[in-house]
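Some notes on the structure that comes next.
What follows is the structure in structure tokens.
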């Protein structure tokens, strides 16, 4: 598949807009439909498309496995970290009110961070799942 | 309002058709594609039921990523399902009992779209008011998801994380390494 | 009258879809088909929840500045967002297990697998019996 | 700082393992990941002890997550009831983590150890979260965390024996079906009441009378949880999952996994729904009671004819779960208390038995069947003396923890006019001696292989010694367990009667 010029060029053209759309969905989730999950999946789809068209090795060069694993945990840590921060500031777990100057500002900051954490974890898990499934072939073949 | 219900009834009938096709199909790729179509129709149905966020997620997760995973897995799996040899009477009875109970209780379920039923009166109005006043975010689903029930979402992030780690741990084990490990271990042969 | 019977039709089809999903899970012997069934089963449950959340004449729960707007119930939407992601997590884990089972057993049919397991189990008991008999003298 | 900790204790017992699981996965050194896991489980145990103290000061703690007052937000409820399973899970997970230090690297290849410890912590956190939550849907989320993590842990057994994969698959599919049935039940109840908070739900259910959807919702919730709790005949996933999991995982799951679900079962039966309601009384009397009695005998008889030891112990677990549900089904305060006592004691007993048997597989690279147990008692005296003590405890011999729980179950059933139930319990206990004796006989009275030179590893047997000591200690001085259980059942049933 990596020989087909139409697919390669189409992928190169599409890659950036998909990421951009992912970012839009991520940060526009407060105002319209969207949020961390959807954005995470869209992000992941860009990298999966790249890996499908250019091959898994190229995909891994673009997005290495160890960074993938790190970000995968980081999303959850970010989410939990927001909760722990609010706990340290004297409120209950995940009460965002204390994070900002006013209650509403705190809620905004909290929701933004939390959604970002969700997006990070979801996108990286999806990429990791795809890598793991696509990679399975090779460990099967060497047997 | 009738038109909405007709659209719903139409979509749900398509889903029923896909479901029956799934029962009959023996080819794996056909099954996977039908599942994807099923999710897509479900997403349409969610839109017509006002659940835009859910529709978005179902379309991207259910019809998108799930299908990619199914297809990626299918590359290594047999293409055809073998004919069942054993009897399917017992599972069929279980399903019929389940469906029977649900249909039996469906008359006591709130009528679809009735604004006076407790589900719409009890907590939901507080979320709608709170989203405007306490949180200040137009998308109520986001404010409930991330703030009111933020802990559920945290749990869900953890579920996704768990699945990711689990799949990595399950698929990444090389047979060779296990064998090396076994020989390294103190092997006490009884024979 | 029409609206209520259409509504009941809606419920009933959702229940039928659940039955189809559950039947695929417990009635089929193909491991991949079981996971497909699970997806169908779960998606039908999502439909049930979202159906509960609908209000007649309502709109999507995104605030606008028009007064007297009726919003559909956002809570079921939130729950189902969670459940969808849980569902895909289950699917992914199930698929990874199916892949490994296929590479170990060479089949994803339940009957084949349990037949192989039974042979292994008897072998295990038999070989060990001989071993201990040797030691007992 | 301390007041922050005290204030947030209900969430800390869950968050601590949950957050650390995210960190452990990034640790490249296996030993370090074990150390972190061990300290996390230890801290969790300390937190749960502090929580125990707090609960007995305040009788019930409600913790509103995100500071949204329930039923708007999610609520954590710790009372004298839920503290029992929290203590069980955190205690057993700590002891089992010590046990896993040597066993885990022997069975799982080194590249996945840190992931396995991450899943290990996730399973523990999921179970504790399941118990602490006061929200019906949050319960589902934590149910899924714990079951996905346990499935993955069971699947790790597939590195040694391919049957582990099938066991994990069946566990996953049946667990998912159970969870989905539970979600249907919650959905139906939510549809008619409009709330997800368990306390609010029970208030609103009391106002509704004669609604078919209520009955159906109750039924689906109960069936879903019964799948997870492996109540007969929905137990079919359990024997294989326990038998083919890696050793340490078998111990953890056998001792904790079904306990949390059993607690949820009790909680839904008694505190969400009204125990004096005919629906509940009928369910207890005509569904759960007969199923429990069947479980007691079916599990024991399956165990008698089983040759694979881990499977044998798993079958015996089904019988023991039968005792617990039987105690719940009798439905008096004394019997529910007896159920909680057995919940605790069975975790200790089955944990110890699995630990003894699986520590053998550390020395002998084979599946353990009744035949290759021959003569090992003298080769591994420490391990198998502990095994014998805990077997006696399982059979219910005086001076052991198992005796106390049997005593209270029988006492409760007699006082509830169920002499025949007491007779059945005694009969099933007598049958359980058959399979226990079969193992003990093989261990101590059969001639064994001569060329074995086993040196028992201290890190493997110390946790076993601890847990055996607890078995004896709670057999001699059961006041702590008995009092906590009676307080728990008082709180669970007292409010409604």
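Chains as they are written, first to last, in the numbering used here: chain S, 90 to 232; chain B, 486 to 676; chain V, 160 to 296; chain D, 7 to 503.
A virtual CB, placed ideally from N, CA and C, is assigned to each residue, including glycine.
Values in this document were obtained by computation on a predicted structure and should not be read as measured data.
Its chain contains 180, 183, 184 as the residues whose beta carbon lies nearer than 6 Å to that of residue 196 (chain V), once the 5 sequence neighbours on both sides are disregarded; these appear in chain order.
By the Cβ test, the region 132–141 of chain D is not in contact with the region 619–629 of chain B, since fewer than three Cβ pairs between them sit closer than 8 Å. One alpha carbon belongs to residue 286 (chain V), the other to residue 379 (chain D), and they sit about 14 Å apart. Counting C-beta atoms within 10 angstroms of its own C-beta, residue 148 (chain S) has 16 or more neighbours from the protein chains shown and is therefore classed as buried. Burial check for residue 496 (chain B): the Cβ neighbour count within 10 Å reaches 16 or more, so the residue is buried.
By the CB criterion at 8 Å, residue 172 (chain V) and residue 562 (chain B) fall outside the cutoff. Contact between the region 271–280 of chain V and the region 49–57 of chain D is absent, with fewer than three C-beta pairs closer than 8 Å. Within the same chain, and ignoring the five residues on either side of residue 64 (chain D) in sequence, no residue has its Cβ closer than 7 Å to its Cβ.
Rounded to whole angstroms, the Cβ separation of residue 274 (chain D) and residue 226 (chain D) is 11 Å, and the two are not in contact under 8 Å. Scanning S:196, S:126, S:170 for the CA closest to the CA of residue 115 (chain S) turns up S:126. Between the region 165–174 of chain D and the region 246–260 of chain V, the count of C-beta pairs closer than 8 Å reaches three or more; the two stretches touch. Nearest Cα to residue 143 (chain D) within the set D:152, D:121, D:192, D:122: D:192. Counting only the Cα atoms, residue 19 (chain D) lies some 20 Å from residue 154 (chain D).
Proximity to residue 16 (chain D) across D:30, D:43, D:9, D:67 peaks at D:67, based on C-alpha coordinates. Taking C-beta separations shorter than 7 Å and ignoring five residues to either side along the sequence, the partners of residue 205 (chain V) in its chain run 239, 242, 243, following chain order.
Residue pairing of residue 612 (chain B) in beta bridges, as defined by DSSP: absent, with no partner found.
Bridge partners of residue 598 (chain B) according to DSSP: V:214.
Your pair residue 472 (chain D) and residue 101 (chain D) checks out as a contact, with CB atoms roughly 6 Å apart and the cut at 8 Å. Between the C-alpha atoms of residue 187 (chain V) and residue 645 (chain B) there is a straight-line separation of about 27 Å. For residue 84 (chain D), the enclosing beta strand (DSSP E) stretches over residues 81–85. Spanning the alpha carbons of residue 346 (chain D) and residue 118 (chain S) requires a straight line of approximately 46 Å. Here residue 528 (chain B) is buried: its Cβ has 16 or more other Cβ atoms, across all protein chains shown, within 10 Å. For residue 230 (chain V), the pairing in a beta bridge is given by DSSP as V:218. In the DSSP assignment, residue 70 (chain D) falls within the beta strand (DSSP E) that extends over 66–70.
Residue burial annotation: residue 229 (chain V) is exposed, with fewer than 16 other C-beta atoms found within 10 angstroms of its C-beta.
Taking 8 Å as the cut-off, the Cβ atoms of residue 652 (chain B) and residue 221 (chain S) count as close. In this chain, the alpha helix (DSSP H) harbouring residue 90 (chain D) covers 89–113. Neighbours of residue 251 (chain V) across chain S, judged by C-beta separation under 7 Å: 218.
At the C-beta level, residue 592 (chain B) and residue 218 (chain D) come within 8 Å of one another. With fewer than three CB-CB distances shorter than 8 Å, the region 574–587 of chain B does not count as touching the region 539–554 of chain B. Identification of residues in the region 631–650 of chain B having a C-beta nearer than 7 Å to some C-beta of chain S yields 631, 632, 635, 636, 638, 639, 642, 643, 645, 646, 648, 649, given in sequence order. DSSP places residue 512 (chain B) within a strand segment (E or B) once states are collapsed to three.
With a contact defined as Cβ atoms closer than 8 Å, residue 260 (chain D) and residue 356 (chain D) qualify at about 5 Å. When secondary structure is reduced to three states using DSSP, residue 283 (chain D) falls in the coil class, being assigned neither helix nor strand.
DSSP places residue 150 (chain S) within a helical segment (H, G or I) once states are collapsed to three. For residue 126 (chain S), the nearest beta carbon of chain B is closer than 8 Å to its own beta carbon.
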